[in-house]
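Below: one structure, written as structure tokens.
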């Protein structure tokens, strides 16, 4: 699978905190390895997994409003 699909998702870093951007960069590197290993059957599956991680990552959560 082409790794370019994952690189396109780097835009998710825009407007995020430094901790979130670091978490996204770590995840991006891991996702590339998984793509190269053939863990995902298609581009959509890989992108979905990446987006889910970013949504679930504690460093990327918005602070709760009181």
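Residue numbers (my numbering): 6 to 71.
Virtual Cβ for every residue (Gly too), placed ideally from N, Cα, C.
No experiment lies behind these values; they were computed from the predicted model shown.
Since residue i and residue j should fall inside the 8 Å C-beta cutoff, what is the C-beta to C-beta distance between them, to a whole number of angstroms?
i: residue 55; j: residue 26; result: Not really, about 14 Å apart at Cβ, beyond 8 Å.
Would you kindly report the start and end of the unbroken alpha helix (DSSP H) that includes residue i?
i: residue 40; result: 23-41
i: residue 55; result: 48-61
With a 10 Å radius around its C-beta and 16 neighbouring C-beta atoms as the bar for buried, classify residue i as buried or exposed.
i: residue 32; result: buried
i: residue 28; result: buried
i: residue 42; result: exposed
i: residue 51; result: buried
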